[in-house]
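Worksheet for the structure shown next.
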Amino acid sequence: MPTFDLAYGKERVRIDVPPDVFDGVLEGTPPPRIPLRRAFDEAWSAPIGIGDPAEILEPGERVVVVITDHTRPTPTREVFPLLWEKIRGRVAKEDVTLLVATGTHRAPTDEELESMLGELRDEFSVLVHDCDRDTVEIGTTALGTPIALHRALVEADRIVTIGHIGMHYYAGYSGGRKNVLPGVAGRATIEANHARLTDPRSTACVYDGNPINEEMVEAARLVGVDFIVDVVLSSAGEVAKVVVGEPEAAHAVGRAFWDEHFQVPFCEPYDVVVASAGGHPKDIDLYQAYKGQYNAMKAVRDDGILYLIAACPDGIGHPVFADWIERCESPGDVFTVYDEEGFRLGGHKAVYHAQDLRRATIYLRSELDDETVRRFFMEPAVDVADVLREAARRFGGGYRVLVMPHAADTFPVCRGA
């Protein structure tokens, strides 16, 4: 019997699928393994779109390095020391600030900061962004969104970002300019930008012409990001590639590498998809785990079944997401809330979730209590056998099961039969 050991929070769970219904695994092409130091040194010695990055920095300048927060898998603790080795001859420690890009997320706990930064917390100044405090408006985008960013960023002489590039379901891709908007932007700026997700061009793996992305790019240009250091991670969380350089040029190289390895074709949708959201931190809460759900749903047939494996130790993860769902008696009611209240950050994910529920039944294995799971219009299920019994009842004996071990890092593309 095909057996899979799937990521679930910080642990693993075993899933058995009967061979007569198992129809395959959908996951990206593993990129070549490369030691982080070598990948970094190669990227640093051949920066994209700029000369020697260290030469950009001048002694005495205030340098802000924007880093991703606890909900992102960027290996900042390993990458930043490599960057520091390259620039320490140009700037002093006391002139460098690490700014944690939280967007609208909660602040990381002390334990999470320790995990993210370790001893770097004692060596460098660390600030945690709060989207409701200490932002400065620096201009307006072509689409009319006022851009308010963290004061430390606005007052910096030089700006560097460290992030990771992957799929993002309405910004196109993560990484690069996303460290600025939404990473260190004010709440009103983030909400105005994200309200454009109703535009059909605001979708996964679309960069050019995506209005959400275009405003993010504009914000990064307005504040003057000098260069980026972005990584592409394998499904196992190991660094597969590092790009260093001018924000747009370097990001383009990184996302092309991601597309090559993680956009995966399939012929026709499946009756049942078993999908792990990817483990910690990708399934830290239901809000973050949705990325895995979003991707997996692309491989589920209409009226099919998704079995999502996501620990969600932090619960739901966003108060508006929770509020919109909890006020509704059925998934369809979410659209009524949206029509009455318009876009609200967090509510947008409730809309996405409701759209998925129109198409399929979603079973969830998580640490959430059964009542909460059902309140979000999903069915709690610890054992995949329970899900497969329902599939047999619904579809008969000839149903097909697909397994996605790394759903958050696998972008299914239907090519037709």
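If you're matching positions, the sequence shown starts at 0 in numbering that gives the first Met the number 0 and goes up one per residue. Backbone N, C-alpha and C define an ideal beta-carbon position, used for all residues, glycine too.
Collapsed DSSP secondary structure at residue i in the structure displayed
i: Leu356; result: helix
i: Thr96; result: strand
i: Val24; result: strand
i: Gly346; result: helix
i: Met0; result: coil
i: Thr409; result: coil
i: Phe226; result: strand
i: Glu154; result: coil
i: Phe265; result: strand
i: Val414; result: The question names Val, but residue 414 is Arg in the sequence shown. Coil.
i: Glu378; result: strand
i: Asp301; result: strand
i: Arg11; result: strand
i: Leu142; result: coil
i: Leu5; result: strand
i: Thr160; result: strand
i: Val90; result: coil
i: Asn192; result: helix
i: Ile283; result: coil
i: Pro52; result: helix
i: Gly291; result: helix
i: Glu57; result: coil
i: Val179; result: coil
i: Ile209; result: In the sequence as presented, Ile is not what sits at residue 209; that position holds Asn. Correct three-state label for Asn209: coil.
i: Val319; result: helix
i: Ala203; result: coil
i: Pro312; result: coil
i: Asp198; result: coil
Expected contact under 8 Å - CB spacing of residue i and residue j to nearest Å
i: Leu401; j: Asp22; result: 6 Å
i: Leu305; j: Gln292; result: 7 Å
i: Ile137; j: Leu221; result: 6 Å
i: Gly270; j: Gly303; result: Correcting the residue identity first, residue 270 is Asp in this sequence and not Gly. About 5 Å; that satisfies the 8 Å criterion.
i: Gly185; j: Ala155; result: Not a contact, Cβ separation roughly 17 Å.
i: Val333; j: Cys327; result: 5 Å
i: Ile189; j: Leu344; result: 6 Å
i: Pro264; j: Val412; result: 5 Å
i: Thr101; j: His128; result: 5 Å
i: His250; j: Thr28; result: Actually they do not touch by this definition, with Cβ atoms about 21 Å apart.
i: Val153; j: Val135; result: 5 Å
i: Val238; j: Leu35; result: 5 Å
i: Lys290; j: Ala407; result: 5 Å
i: Ala219; j: Pro181; result: That pair is no contact at about 12 Å.
i: Val381; j: Arg364; result: 6 Å
Beta-bridge pairing of residue i - partner residues as DSSP gives them
i: Ala255; result: DSSP lists no partner for Ala255.
i: Tyr172; result: Met166
i: Thr67; result: Ala100
i: Lys85; result: In the DSSP output, where bridge partners are listed per residue, Lys85 has none listed.
i: His149; result: Thr134
i: Ser124; result: Thr96
i: Lys240; result: Val231
i: Ile324; result: According to DSSP, Ile324 bridges with nothing at all.
i: Leu307; result: Ala274, Leu363
i: Met434; result: Residue 434 cannot be examined here, being either before or after the span of the chain that is shown, 0 to 416.
i: Ala184; result: Leu148
i: Val400; result: Phe21, Val271
i: Ile47; result: Gly244
i: Val62; result: Val95, Arg157
Contact with chain B by residue i, beta-carbon distance below 8 Å
i: Val224; result: This model lacks chain B altogether; it includes just one protein chain.
Test item: CB-CB of residue i and residue j under 8 Å
i: Pro72; j: Gly236; result: yes
i: Asp68; j: Val159; result: no
i: Val179; j: Val65; result: yes
i: Ala309; j: Pro268; result: no
i: Tyr337; j: Gly331; result: no
i: Val372; j: Ile14; result: no
i: Ile86; j: Ala53; result: yes
i: His405; j: Gly277; result: yes
i: Leu116; j: Thr75; result: yes
i: Arg157; j: Ile55; result: yes
i: Ala441; j: Met403; result: The requested residue 441 is not part of the displayed model; the chain covers only 0 to 416.
i: Tyr362; j: Val20; result: no
i: Ala203; j: Phe410; result: yes
i: Arg358; j: Asp301; result: yes
i: Ser234; j: Glu26; result: yes
Is the region 294-314 close to the region 35-54, with three or more CB pairs under 8 Å? no
Counting beta carbon pairs with one atom in the region 222-240 and one in the region 376-387, are three or more of them shorter than 8 Å? no
How about the region 246-254 and the region 162-173: do they share at least three Cβ pairs that are nearer than 8 Å? yes
Can we say the region 54-62 touches the region 87-99, given the rule of at least three CB pairs closer than 8 Å? yes
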